[in-house]
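**Student:** With full-length UniProt numbering, you'll find the sequence shown wraps up at 204, consecutive numbering, no jumps.
Glycine included, every Cβ here is placed at the ideal spot set by N, Cα and C.
The structure presented is a predicted model; accordingly, all values stated were derived computationally and were not measured.
One structure, pasted below without further comment.
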Amino acid sequence: MGRPRLYHTPEQVAEANRNKSNKYYAKNQKRILRRRAKAKAASKPRTSKDKTPIAAEPQRTAEEEREWQTRFFAKKVEGLRTQVIELLGDKTAGSFLTSVCEKFKAERKVDLTQAKDAINEHSIEFGKVDNKLQKCGAQLLNLVGAWADEFKRASLLQTDVRTLITEVNELMCVAMVDPDQFLQDFDSHSLQFQKDGVVISTLY
């Protein structure tokens, strides 16, 4: 075997490398071409013909869409009704308000501010439901009108929720002004809800 050829200039090195590449390609041409073909196929973006067709969902008619939305919002109203019952602790309105007063009576000596905040928290939670009912009622009014049962149920439930908010706020006001008088009135059954009762029509 002869001595390796020496290259003294960049041009000579480049020429030698080209010769090596050409010899390698000539010797391995078929394998190189197969490898290139596989790489090209893998990188080729899929066309619409290659993709599996996805069946389009049938479009609802305007009437079907209206009926679907009506059922959707009516179901939300029913869910809000269930939420109100849970907020009441599954009690009647009168029993719930009585429990609010009893809790205030038990907690005020420990922390008067916290006892007041506990009453206010009930008002906040009922207020959240009222806001949601307002939105559902507006949608149902547009979908089915004021005489439809779906809208009437939403409207009556909202009336009941606002009645509860009013009663809780009344307790809050009395407790804020004079906690001692609040408890005297409660013990003597002189609070507004104790004297007049609370009329709720949709929760029982």
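Is the beta carbon of ARG153 sitting closer than 8 Å to the one on VAL77?
**Tutor:** Here residue 153 refers to the residue found at position 153 of the sequence shown. Here residue 77 refers to the residue found at position 77 of the sequence shown. Closer than 8 Å, so yes.
**Student:** Counting only runs of 4+ residues fully inside the segment 80-126, write out the alpha helix (DSSP H) ranges in chain order.
**Tutor:** 93-107
**Student:** Whole angstroms is fine: what's the gap from PHE73's alpha carbon to LEU112's?
**Tutor:** Here residue 73 is taken as the residue at index 73 of the sequence shown, counted from 1. Here residue 112 is taken as the residue at index 112 of the sequence shown, counted from 1. Distance between the alpha carbons of PHE73 and LEU112: 41 Å.
**Student:** Closer than 6 Å by C-beta to ALA93: which residues in its own chain qualify, once you throw out the five before and the five after it? Chain order, please.
**Tutor:** In the sequence shown, counting from the first residue as 1, residue 93 sits at position 93. Cβ neighbours of ALA93 beyond the five flanking positions: VAL198 and ILE200.
**Student:** Is the Cβ-Cβ distance between ARG81 and THR159 less than 8 Å?
**Tutor:** Within the sequence shown, numbered from 1, the residue matching residue 81 stands at position 81. Within the sequence shown, numbered from 1, the residue matching residue 159 stands at position 159. In this structure, THR159 does not lie closer than 8 Å to ARG81 by Cβ.
**Student:** Please report the straight-line C-alpha distance between LEU164 and GLU64, rounded to a whole angstrom.
**Tutor:** Translated into positions along the sequence shown, residue 164 becomes position 164. Translated into positions along the sequence shown, residue 64 becomes position 64. Approximately 37 Å between the Cα atoms of the pair.
**Student:** Looking at MET176 and SER123, is the spacing between their C-beta atoms short of 8 Å?
**Tutor:** Numbered from 1 along the sequence shown, position 123 holds the residue referred to as residue 123. Numbered from 1 along the sequence shown, position 176 holds the residue referred to as residue 176. No.
**Student:** According to DSSP, is ILE165 helix, strand or coil?
**Tutor:** Reading the sequence shown from its first residue, position 165 is the one you call residue 165. DSSP places ILE165 in helix when its eight states are reduced to three.
**Student:** Rounded to whole angstroms, how far is the Cβ of PHE126 from the Cβ of VAL161, which I believe are closer than 8 Å?
**Tutor:** As a working mapping, residue 126 is identified with position 126 in the sequence shown. As a working mapping, residue 161 is identified with position 161 in the sequence shown. About 6 Å separates the two Cβ atoms, so the contact holds.
**Student:** Here's a check: name, in chain order, each residue in its chain whose Cβ is nearer than 6 Å to the Cβ of GLN59, leaving out the five neighbours to either side.
**Tutor:** Taking the first residue of the sequence shown as position 1, residue 59 is located at position 59. Correct list: empty, nothing qualifies.
**Student:** By a C-beta neighbour count over all protein chains shown, 10 Å radius and 16 as the cutoff for buried, is LYS75 buried or exposed?
**Tutor:** Numbered from 1 along the sequence shown, position 75 holds the residue referred to as residue 75. It counts as exposed.
**Student:** Tell me which residue opens and which closes the alpha helix (DSSP H) that ASP187 is part of.
**Tutor:** As a first step, residue 187 is located in the sequence shown; it is residue number 187 there, counting from the start. Start and end: 179-187.
**Student:** Look at GLN69 and LEU143 and say whether their C-beta atoms are less than 8 Å apart.
**Tutor:** Within the sequence shown, the letter at position 69 stands for residue 69. Within the sequence shown, the letter at position 143 stands for residue 143. In this structure, LEU143 lies closer than 8 Å to GLN69 by Cβ.
**Student:** Roughly how far, in whole angstroms, is the beta-carbon of VAL168 from the beta-carbon of ASP185, given that I think they are within contact range, below 8 Å?
**Tutor:** As a first step, residue 168 must be located in the sequence shown, where it is residue number 168. As a first step, residue 185 must be located in the sequence shown, where it is residue number 185. The pair is not a contact, with the Cβ atoms about 15 Å apart (cut-off 8 Å).
**Student:** How would you call GLY137, buried or exposed, if buried means at least 16 neighbouring beta carbons within 10 angstroms?
**Tutor:** For the purposes of this step, residue 137 is taken as residue 137 along the sequence shown, with counting starting at 1. It counts as buried.
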